[in-house]
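Sequential numbering from 5 applies to the sequence shown in this note's numbering.
Every residue, glycine too, gets a C-beta built ideally from N, C-alpha and C.
Here the structure comes first, spelled out in structure tokens, and everything after it is commentary.
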Amino acid sequence: MTTLPSKPAPALGDLIDLARYPITDRTNPAYLALVARSQSLLGQEGVAIFPGFIRDESVAAMADQTLALHPRMFHFREKHTVYFKPQEEGVDPGHPLQRLMETEKDTVAYADIPGDNLIRQIYQSDEVLTFIRDVLNLETLYRHADPLAALNLQGFTAGQQLGWHFDRSDFSVTLSLQAAAAGGDFEYVRMLRNEHDDCYDAVRQFLDEPQTQQIEVLPQVPGTLTLFRGRYSLHRVTPVQGERLRLNAVFAYVDQPNVEFSAYARQLFYGRTTVDPLV
Ligand SMILES: O=C(O)CCC(=O)C(=O)O
Ligand SMILES: [Fe+2]
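Take a look at the structure:
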């Protein structure tokens, strides 16, 4: 048997537009200005986006690699309240703790992403990790240690969506790989609740009459990296329309080392509790 020489991994500069995002040189004034601008956007708007972070040719290759995994993706479907808290008895049907949102998407767990997939190189890059830490203005930031949850690829087929929700984490990091023909937009309403108050009346009012609030829309543009603070800003992904899948990657970071998912969370999100592949 002959062994084919494996293709060397591309340099970071072949994947990331380092001229626009000089993340390999943290003393570069352009880097410092980028971080300062992004920190203030994240503070004011709750979101910082980096269009063209990944070069076009690389993002097309990442989308192809993700599509190739689609037949093996875990089909996730759940009905949930916007808070991800269980439905509460004894409150009227219009209460946000009674109303169920629908989420349906297809997911690839980290352990199932082949070693040569380019997306791994982005997630495993210390420069990318440090850049995100700088924008979040944190002392420490770690990749998630869970072998399933650390890095996920997501596919949304026609009709699939993420229902309105508040995140359970302070921030999320996503990379758009492919946009749907229509739908699949990221929509959010800023600060609809806060640290001290779940703001049931305001959330109820919004769910009854969404047009009464300002909904911000982020259309999905492949190659865009997005940092979003979703704990207090209600958000969703609108239902995808058409045959082309909405594809993205979700990078999980935490402020503690060695964080893993519970068996319950693994079963819910990946349909299994161990890294052994689904049969
Ligand atoms: O897929 C996206 O763009 C957003 C994902 C999101 O809101 C979440 O995973 O909580
Ligand atoms: Fe979210």
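Residues sharing a beta bridge with residue i, DSSP
i: E191; result: V221 and R240
i: M84; result: For the record, residue 84 in the displayed sequence is His; it is not Met. According to DSSP, H84 bridges with M105.
i: R250; result: F160
i: Q245; result: A186
i: R147; result: Y257
i: L166; result: V241
i: I20; result: I58
Beta-carbon spacing of residue i, residue j below 8 Å
i: L133; j: F175; result: no
i: V221; j: A115; result: no
i: V244; j: R235; result: no
i: D110; j: T31; result: no
i: R172; j: Y257; result: no
Rounded C-alpha distance that separates residue i from residue j
i: V225; j: G94; result: 43 Å
i: M195; j: S237; result: 4 Å
i: P151; j: T216; result: 42 Å
i: P26; j: Y35; result: 6 Å
i: H99; j: T85; result: 10 Å
i: R208; j: G187; result: 24 Å
i: H79; j: D18; result: 33 Å
i: P33; j: A40; result: 10 Å
i: D202; j: T230; result: 25 Å
i: L122; j: E191; result: 28 Å
i: F273; j: D29; result: 37 Å
i: L73; j: V112; result: 7 Å
i: I136; j: P90; result: 32 Å
i: R81; j: A13; result: 35 Å
i: R276; j: R270; result: 6 Å
i: V254; j: A52; result: 15 Å
i: W168; j: A184; result: 19 Å
i: P261; j: Q165; result: 31 Å
i: I219; j: P118; result: 38 Å
i: R59; j: D68; result: 14 Å
Assigned exposure category for residue i - 16 Cβ within 10 Å defines buried
i: Q125; result: buried
i: Y127; result: buried
i: T228; result: buried
i: A23; result: exposed
i: L104; result: exposed
i: N252; result: buried
i: N198; result: exposed
i: T70; result: buried
| said: Tell me which residues pass a beta-carbon proximity test against ligand 2: closer than 6 Å to any heavy atom, given in chain order. | reply: H169, D171, S176, G234 and H239
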